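K.L.:
Every number in my numbering is 39 more than the matching position in the sequence shown, counting from 1.
Heads up, the beta-carbon is just placed ideally off N, CA and C, and yes, glycines get one too.
Since the model is a prediction, treat every value here as computed from it, not as a measurement.
Here it is, the structure, as structure tokens.
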Amino acid sequence: MLERLWAGWRSEYVSGFGPEGNNAPQVGESLFSRILASGLPDDETHIVARGSKCFVILNAYPYASGHCLVLPYRQVANLEDLTDDERNELWLTVRDATLALKSAFAPAGLNVGLNLGAPAGGSVAQHLHVHVVPRWVGDTNFTVAIANTKVLSEPLTTTASRLRAAWPKGSPR
């Protein structure tokens, strides 16, 4: 008997990749720029920390609980498009995100990386962002391989609260 584990929230994400979809890679204003321009409070948008040039937001469709993105406010597609100040703050913020994740979640490891360009896996390729993903031994199991489903242990609002509380003291928040 074939059993299914449904992850209904994924349909919103997958359907967003069509020609009219919000998640489709576009040339114009990025999803992140639209979030920043929305005027919504950080609690609603899941922005965890803000600096003068960069900010941290939770991934709406995380690989694991705590998966966050570090990116400049200014929409740029490539590392070489960053100013020196943006580059410096970006990597300091990545460091702070790793410290906050270690403190809040005690992961066994972390994945830190970028997907530059749509062919490299960048779903919002016009706005550079660094993924910071906490990892645990055994956190990827059979559900990913046979059901294309990830099981997450907590809602984004809880994750955002935990990371804000664990953000390094003296760093922008």
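Tell me the DSSP bridge mates of alanine 164?
P.N.:
Walking along the sequence shown from the start, residue 164 turns up at place 125. None, per the DSSP bridge assignment.
K.L.:
Is the Cβ-Cβ distance between alanine 205 and alanine 143 less than 8 Å?
P.N.:
In the sequence shown, counting from the first residue as 1, residue 205 sits at position 166. In the sequence shown, counting from the first residue as 1, residue 143 sits at position 104. Cβ distance < 8 Å, so alanine 205 and alanine 143 count as in contact.
K.L.:
Is there contact here, the segment 112 to 130 with the segment 79 to 96, by at least three beta-carbon pairs under 8 Å?
P.N.:
Verdict: yes, contact present.
K.L.:
Between alanine 139 and leucine 202, what straight-line distance do the alpha-carbon atoms span, to the nearest angstrom?
P.N.:
The residue given as residue 139 occupies position 100 in the sequence shown. The residue given as residue 202 occupies position 163 in the sequence shown. Computed Cα separation, rounded: 6 Å.
K.L.:
Would you call serine 69 buried or exposed, if buried means 16 or more other Cβ atoms sit within 10 Å of its Cβ?
P.N.:
By 1-based counting over the sequence shown, the position of residue 69 is 30. With 16 or more other Cβ atoms within 10 Å, it is buried.
K.L.:
Kindly list the residues whose CB is nearer than 7 Å to the CB of threonine 198, restricted to its own chain and excluding five residues on each side of it in sequence; keep chain order.
P.N.:
In the sequence shown, residue 198 corresponds to position 159, counting from 1. For threonine 198, where only same-chain residues beyond five positions count, the Cβ hits under 7 Å are Leu97, Ser104, Gly105.
K.L.:
How many Å lie between glycine 148 and proline 173 at the Cα?
P.N.:
Here residue 148 refers to the residue found at position 109 of the sequence shown. Here residue 173 refers to the residue found at position 134 of the sequence shown. Each residue's Cα considered, the two are about 6 Å apart.
K.L.:
If I'm right that glutamine 114 touches histidine 166 with Cβ under 8 Å, what's the distance once you round it to whole angstroms?
P.N.:
Residue 114 sits at position 75 when you count from the first residue of the sequence shown. Residue 166 sits at position 127 when you count from the first residue of the sequence shown. Right, their Cβ atoms sit about 5 Å apart.
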